[in-house]
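Quick note on numbering: the sequence shown equals residues 4 to 326 in this note's numbering. Taking it in order: structure first as structure tokens, then the write-up.
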Amino acid sequence: MEGESSRHDNLEVVFQDQSAKPCDFRLEYLMNITDNFSDKRKLGRGGFGVVYKGTLPNGAIIAVKNLVSTAEVQDEEFKNEVDNLMRVRHQNIVQFVGYCYETRKTYIDYNGNYVFAETPQMLLCFEYMPKGSLDRHIKEESRGLDWEKRYEIIKGICCGLKYLHEECLINGSIVHLDLKPENILLDVNMVPKIADFGLSRLFNDQKTRTCTTHRLGTIGYMAPEYLYQGIITNKADIYSFGVIIIEVVSGRKIIPYATGNFCIDFELVLKNWRNRLEASPSCTSLEIYCKQIKDCVEIGKSCLNVDPGERPSIREIIEMLDK
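This is the structure we're talking about:
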């Protein structure tokens, strides 16, 4: 263990060197740094697994995602997430620092008889995000994050999504398929980073659309064409992002109707923000902020168009935000 500890104590190389490959951790090492995956180390639950805080011997902290081996999470899903994570490196994507895949024999009850069975142990390791997930910071407009920080978070998610859709692959893109506030993590400076690529799909230039009968995701954030027909394109992520924008602006969870309408009074949302901004002594750009809020509402609504072809691309969204 000493050799492995010294090897992994220097994870700064992985964080700083763009060409450095993520580490191949041993299960015993990850058990040690998480106190055997104790409840006190639990950070939360991600897609298909529980996330724990791992403290390295040098004091550095990483997040360890222990995937639960079920009928839904098998070798192919694990390989898919590792392959996609290996391809991405961006300031608005949570950094992948290592993984573990080991098979262990365990004694289990099988139809009333105890037998030894091989159980795969699949774990993923990431940079630690001390501020947690975005959903913890979404409050009604009169409380929680100020507008300037919310706007920066929206723009940061845009940059991460643009990287996935247009920049991370030489001849293709990655569709995330499970964008939601719980999968947007925040670092110590509240910089947003997209996480949890368990459902993501790779596309090349010749193939930008596919269909699936195996639909997984989060109701309320899944695009209608994906939810009902299994159609996957970049525009599925745009729909999810539209829901996130509306929730960040309004400070509350929403469930868009099938028609694309909402149960939110956007005029009241704008009024509440204006009142809050006017009451803030540090607000020196009232009309600029109010315009940004109105623009974000309109962008969010356009992302939720029932027709995928009518939704803007991520590049178009960035252009609208930069006006």
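Glycine included, each C-beta is placed from N, C-alpha and C at the ideal position.
Which of helix, strand or coil does DSSP assign to residue i?
i, result
"Ser316", "coil"
"Asp27", "strand"
"Leu148", "coil"
"Val251", "helix"
"Asp325", "coil"
"Ile222", "coil"
"Leu271", "helix"
"Cys306", "helix"
"Pro311", "helix"
From the DSSP secondary-structure annotation, give me the bridge partner or partners of residue i.
i, result
"Asn35", "Note: Asn35 sits in no beta bridge, so no partner."
"Tyr55", "Lys45 and Val67"
"Gln124", "Glu105"
"Phe99", "Phe129"
"Asn116", "Tyr113"
"Ile197", "Ile96 and Ile187"
"Arg277", "Per DSSP, none; premise fails for Arg277."
"Arg396", "Any property of residue 396 remains undetermined from this structure, which presents the chain solely from 4 to 326."
What whole-angstrom Cβ distance do residue i and residue j have, given they're in contact under 8 angstroms?
i, j, result
"Lys238", "Pro311", "4 angstroms"
"Pro25", "Met89", "7 angstroms"
"Phe51", "Tyr102", "The Cβ separation is near 14 angstroms, so there is no contact."
"Glu250", "Ile241", "Actually they are not in contact, since the Cβ atoms of Glu250 and Ile241 sit about 15 angstroms apart, beyond 8 angstroms."
"Tyr55", "Lys45", "6 angstroms"
"Tyr104", "Phe119", "Wrong, their Cβ atoms sit about 20 angstroms apart, outside the cutoff."
"Val53", "Asn69", "5 angstroms"
"Ile296", "Trp150", "7 angstroms"
"Val71", "Cys171", "The Cβ separation is near 28 angstroms, so there is no contact."
"Leu188", "Ser136", "6 angstroms"
"Gly57", "Ile36", "4 angstroms"
"Leu324", "Lys158", "6 angstroms"
"Ile156", "Pro195", "5 angstroms"
"Asp190", "Pro133", "7 angstroms"
"Cys293", "Val252", "Contact flag wrong, Cβ pair sits at about 12 angstroms."
"Asn87", "Ile177", "6 angstroms"
"Gly147", "Gly254", "6 angstroms"
"His179", "Ile197", "7 angstroms"
"Ser305", "Arg318", "Incorrect: roughly 14 angstroms between the Cβ atoms, too far for contact."
Is the Cβ of residue i closer than 9 angstroms to any Cβ of chain C?
i, result
"Phe244", "In summary, chain C is missing from the structure at hand, where a single protein chain is found."
Is any heavy atom of the ligand FAD found at a distance shorter than 8 angstroms from the C-beta of residue i?
i, result
"Lys56", "This structure lacks the ligand FAD, and indeed carries no ligand of any kind."
Requested in this report: Decide if the stretch 195-203 is in contact with the stretch 280-290; the criterion is three or more beta carbon pairs, one per stretch, under 8 angstroms apart.
Outcome: Flag = no, the stretch 195-203 and the stretch 280-290 do not touch.
Query - Segment contact, 8 angstroms Cβ cut-off, at least three pairs: the stretch 86-101 with the stretch 149-167 - result: Contact holds between the stretch 86-101 and the stretch 149-167, because three or more Cβ pairs, one in each stretch, are under 8 angstroms apart.
Query raised in the report: Any chance the stretch 177-193 sits against the stretch 232-247, with 3 or more Cβ pairs inside 8 angstroms?
Result: By the Cβ criterion, the stretch 177-193 is in contact with the stretch 232-247, since at least three pairs of Cβ atoms, one from each stretch, lie closer than 8 angstroms.
Report task. Starting from the N-terminal side, write out each stretch of the beta strand (DSSP E) that is 3 residues or longer and does not extend beyond the stretch 129-191. Result -> Fully enclosed beta strand (DSSP E) runs of no fewer than 3 residues occupy 175-178 and 187-189 of the stretch 129-191, in order along the chain.
Requested in this report: Specify whether the stretch 129-139 and the stretch 217-231 touch according to this definition: at least 3 beta carbon pairs, one from each stretch, less than 8 angstroms apart.
Outcome: With a cut-off of 8 angstroms, the stretch 217-231 and the stretch 129-139 do not count as touching, because too few Cβ pairs lie within range.
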